[in-house]
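> When we follow the numbering used here, the leftmost residue of the sequence shown carries the number 1285, and every step to the right adds one.
Even for Gly, the Cβ is constructed at its ideal location relative to N, Cα and C.
There's a structure below that I have some questions on.
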Amino acid sequence: MSDEQENDGTEPQTGSKPPWQPPKDEDDFNRIIQARLARQGAKYADYDDLKAKAAKFDESEQAKQTQAQKDAGVIADLKAQLTASTETALRNEVAAAKGVPAANLSGKTREELEASADQLITWKGSDTRKAPPTPGNGPDIRQDGELSATDIVNAALKR
């Protein structure tokens, strides 16, 4: 039997406690109950403080976890942007070196992009048709070989 348990009179007495006596009246019974409740209450007197501290700790852990998740999301976004920028820069570099449009290249690595550019160059060399002129690149020549009205005016204004 532990020290916290009271002897109910059925076991022999050990130590200096007097033998158990039943309460004499209702007031005595209430006094015994109140003493027992006070002892129990003393065990858990700091329960509210501990509960508040535990809640604060849980809150801070959740905030840390939430911040870590936010940081992970930002890192993932930045990695994606870096990858896209690197791919675009590499695509533009290969396109400029090979003299082909960057939009027509396929692949992610330098080798794949260069192979794609070589295929475009080979394909362009085998094509006998001329590509249509793109607006803004040189004079706008009509089908009959004459300059357009805009080109004539621009040429006249330059003189």
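Do serine 1400 and glycine 1409 have their C-beta atoms within less than 8 Å of each other?
Cβ atoms of serine 1400 and glycine 1409: not closer than 8 Å.
> Could you name the residues of the same chain whose beta carbon sits closer than 6 Å to that of alanine 1386, not counting the 5 residues immediately before and after it, in chain order?
Result list for alanine 1386: Arg1375, Asn1376 and Ala1379, in chain order.
> So, with DSSP's three-state summary, where would you put leucine 1362?
Three-state result, leucine 1362: helix.
> Check this for me: beta carbons of isoleucine 1359 and lysine 1382, under 8 Å apart or not?
No, the pair does not count as a contact, with Cβ atoms beyond the cut-off.
> Does DSSP classify leucine 1448 as helix, strand or coil?
Residue 1448 is absent from the structure shown; the chain starts at 1285 and stops at 1443.
> Helix, strand or coil: how does DSSP classify lysine 1389 here?
The sequence given here has leucine at residue 1389, not lysine. It is coil, neither helix nor strand.
> With a floor of 4 residues, list each alpha helix (DSSP H) that falls wholly inside the segment 1293-1329, ordered by position along the chain.
For the segment 1293-1329, whole alpha helix (DSSP H) runs of length 4 or above, ordered along the chain, are 1310-1327.
> Assuming isoleucine 1316 and proline 1302 are in contact, meaning their beta carbons sit under 8 Å apart, how far apart are those beta carbons, in whole angstroms?
In fact, because the Cβ distance is near 14 Å, the residues do not count as touching under 8 Å.
> In angstroms with no decimal places, state the Cα-to-Cα distance between lysine 1354 and threonine 1367.
Their backbone Cα atoms lie some 20 Å apart in a straight line.
> Quick one: what does DSSP say valine 1384 is sitting in, helix, strand or coil?
Valine 1384: coil per DSSP, three-state reduction.
> Sort Asp1311, Thr1393 and Asp1361 by Cα distance to alanine 1373 and report the nearest one.
Ranking the options by Cα distance to alanine 1373, first place goes to Thr1393.
> Under 8 Å, Cβ to Cβ, is there at least one residue of chain B near leucine 1334?
Of the protein chains in the structure, only one exists, and it is not chain B.
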